[in-house]
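S.K.:
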Amino acid sequence: MDMKYEPLFESYTLPNGVEIRNRFVLAPLTHVSSNEDGTISEDELKHMELRSKDVGISVSAASNVTDIGKGFPGQPSVAHDSDIEGLKQLAEVMKKNGAKALVQIHHAGAQSLPNLTPEGDVVAPSPISLKSFGQQEEHHAREITPDEIEETIKAFGEATRRVIEAGFDGVEIHGANHYLIHQFVSRHYNRRQDEWSKPYKYPLAVVDEVLNTVRKFADKDFIVGYRFSPEDPEEDGIKMEQTKELLGYLSSKPLDYLHASLMDIHSKTREGKYEGKTRIELIRDWIDDKIPLVGIGSIFNADEALDALNTGVQFIALGREILLDAEFIEKIKEGRTEDIISYFDPTREDNHNLPPNLWKQFDNGFYPLPEKGEH
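Position in the sequence shown (first residue = 1) + 18 = my numbering.
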């Protein structure tokens, strides 16, 4: 290994005392490969074992905490006790080679797909119509009732209990990417007039419910992380000024890491007081080492991984790149950086070792991917 990459392989101790073997995180990646009922499939097990083998922390695909919150076809479920048996198998393969295995707990809110929810029912903080995953036409989401809000908070806790029983090392709360928790923070989605109009009330209630569940059912080594999106494209959406406030609240909680969801780790703030400043550096400064930070976004080769770590984050998450090349980390460690595969090749006989449903999405151009020679 080229010595300059050594920082990527240094261990790190989380606030709860758990040592992570390196600075790589498998991002929670939608694989559309669970069984139709949300139970764990054989394709999913093979995929997660392969992508987990070299990282320090492995996070599962977003897993719905209630049936009404399902946002993707082939999405894993943590909504029922009957899911636990399959989740045990998933935990085993994700942990097999030394990674810490986490489940990302998720509710799609307005982005839930009517064809996947009971009676086509979709809920959001306020009524809204929008297109979601793979949709050609808009669907409508009704306003979630106060009682249902309380039920979803409890559902995040119950999902955490199931994750603990299944033998995972932790959970990541999905508060990003325009899903339910994010929706409560954003005025684009949350135009309520009741107590839940307060943008941080719902996310902090979920965090408290999860942490209380962990105290009740898990030991001190159980990891709890939180993923957030720092800025919205919508005019009435989340701005960096609001993200600074949210991070102030989250940093006061006994969380083990925060995960900034970005398409490019070096992206700059779009508008407002912090316009033109690099988002990840602002976030790093606001957190001020109170809690470890995970960065992600457009990391497709070894030097980009090192550059990402040098922004001051404690961990870097790999998304599209580890799907293109499951041996990305191994190749850096073994000094084979020239062999890293950083573009999608539909003619590869091994299909990049992707599960069939995910390979089809890549082949159909569903996700933005680099072209040959771009990285």
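Yeah, the Cβ is synthetic: ideal placement off N, Cα and C, and Gly gets one too.
Report the rounded CA-to-CA distance for residue 390 versus residue 362, giving the unit in angstroms.
M.R.: Distance between the alpha carbons of residue 390 and residue 362 is about 8 angstroms.
S.K.: What residues match up with residue 95 in a beta bridge as DSSP calls it?
M.R.: BP columns for residue 95 point to 82.
S.K.: How long is the line joining the alpha carbons of residue 71 and residue 211, rounded to whole angstroms?
M.R.: Each residue's Cα considered, the two are about 48 angstroms apart.
S.K.: Tell me whether residue 100 sits in a helix, a strand or coil according to DSSP, three-state version.
M.R.: Three-state result, residue 100: helix.
S.K.: Using only alpha-carbon positions, find the residue among 46, 285, 343 that is nearest to residue 369.
M.R.: If we check each option's Cα against that of residue 369, 343 comes out closest.
S.K.: Using the rule of at least 16 other Cβ atoms within 10 Å of the residue's Cβ for burial, across every protein chain shown, is residue 74 buried or exposed?
M.R.: Label assigned to residue 74: buried.
S.K.: Can residue 314 and residue 323 be called in contact, C-beta distance under 8 angstroms?
M.R.: Cβ distance not < 8 angstroms, so residue 314 and residue 323 don't count as in contact.
S.K.: Spatial neighbours of residue 205 within its chain, please: C-beta separation below 6 angstroms, excluding the five flanking residues on both sides.
M.R.: The residues are 254.
S.K.: Cβ-heavy atom distance between residue 280 and the ligand NAD below 7 angstroms?
M.R.: Judged by which ligands are present, the structure shown has none, so any question about the ligand NAD falls away.
S.K.: Are there 16 or more other CB atoms within 10 angstroms of the CB of residue 22, so buried, or fewer, so exposed?
M.R.: The residue in question, residue 22, is exposed, as its Cβ has fewer than 16 Cβ neighbours within 10 Å.
S.K.: Evaluate residue 164 with the Cβ neighbour count: other Cβ atoms within 10 Å of its Cβ, from every protein chain shown; 16 or more gives buried, anything less gives exposed.
M.R.: By the neighbour-count rule (16 or more Cβ atoms within 10 Å), residue 164 is not buried but exposed.
S.K.: Beta carbon of residue 336, beta carbon of residue 305: below 8 angstroms?
M.R.: The answer is no: Cβ separation not under 8 angstroms.
S.K.: Looking only at its own chain, which residues have a Cβ that is under 6 angstroms from the Cβ of residue 231, when we skip the five neighbours before and after it?
M.R.: 175, 178, 179.
S.K.: State the Cα-Cα distance for the pair residue 189 and residue 201, rounded to the nearest angstrom.
M.R.: Cα-Cα distance, rounded: 20 angstroms.
S.K.: So which of 120, 281, 47 has the shortest CA-CA distance to residue 184?
M.R.: Comparing Cα-Cα distances from residue 184 to each of 120, 281, 47, the minimum goes to 120.
S.K.: Could you check what DSSP says for residue 346 in three-state terms: helix, strand or coil?
M.R.: Correct three-state label for residue 346: helix.
S.K.: Would you kindly check if the distance between the Cβ of residue 161 and the Cβ of residue 173 is under 8 angstroms?
M.R.: Cβ atoms of residue 173 and residue 161: not closer than 8 angstroms.
S.K.: Beta carbon of residue 46, beta carbon of residue 97: below 8 angstroms?
M.R.: It is not a contact, given that the beta carbons lie outside the stated cut-off.
S.K.: Identify the continuous beta strand (DSSP E) that holds residue 5 and give its terminal residues.
M.R.: Residue 5 cannot be examined here, being either before or after the span of the chain that is shown, 19 to 393.
S.K.: Would you report the Cα separation of residue 312 and residue 199, rounded to the nearest angstrom?
M.R.: Approximately 19 angstroms, taken between the alpha carbons.
S.K.: Start and end of the alpha helix (DSSP H) containing residue 65?
M.R.: Its alpha helix (DSSP H) spans residues 60 to 70.
S.K.: Here's the rule I'm using: 16 or more other beta-carbon atoms within 10 Å means buried, otherwise exposed. How should residue 339 be labelled?
M.R.: Buried, by the Cβ-count rule.
S.K.: In angstroms with no decimal places, state the Cα-to-Cα distance between residue 137 and residue 108.
M.R.: C-alpha separation (whole angstroms): 30 angstroms.
S.K.: Please classify residue 269: does DSSP put it in a helix, a strand, or coil?
M.R.: Residue 269: helix per DSSP, three-state reduction.
S.K.: Of all the options 65, 187, 149, 99, which has the alpha carbon lying nearest to the alpha carbon of residue 116?
M.R.: It is 187.
S.K.: Answer yes or no: do residue 398 and residue 84 have a C-beta to C-beta separation smaller than 8 angstroms?
M.R.: Because residue 398 is not part of the residues shown, which for the chain are 19 to 393, the question remains open.
S.K.: Would you kindly report the start and end of the unbroken alpha helix (DSSP H) that includes residue 223?
M.R.: Element bounds for residue 223: 219 to 235.
S.K.: Give me the Cα-Cα distance between residue 48 and residue 90, rounded to the nearest whole angstrom.
M.R.: Computed Cα separation, rounded: 8 angstroms.
S.K.: Could you spell out where the alpha helix (DSSP H) holding residue 118 opens and where it closes?
M.R.: Looking at the DSSP string, residue 118 is not in any alpha helix (DSSP H); the run it does join, the beta strand (DSSP E), is 118 to 124.
S.K.: Where residue 217 and residue 240 are concerned, what is the direct C-alpha to C-alpha distance, given to the nearest angstrom?
M.R.: Near 28 angstroms, if we compare the C-alpha coordinates of residue 240 and residue 217.
S.K.: Applying the 10 Å Cβ sphere with the 16-neighbour rule, what's the burial state of residue 104?
M.R.: Buried: at least 16 other Cβ atoms inside 10 Å.
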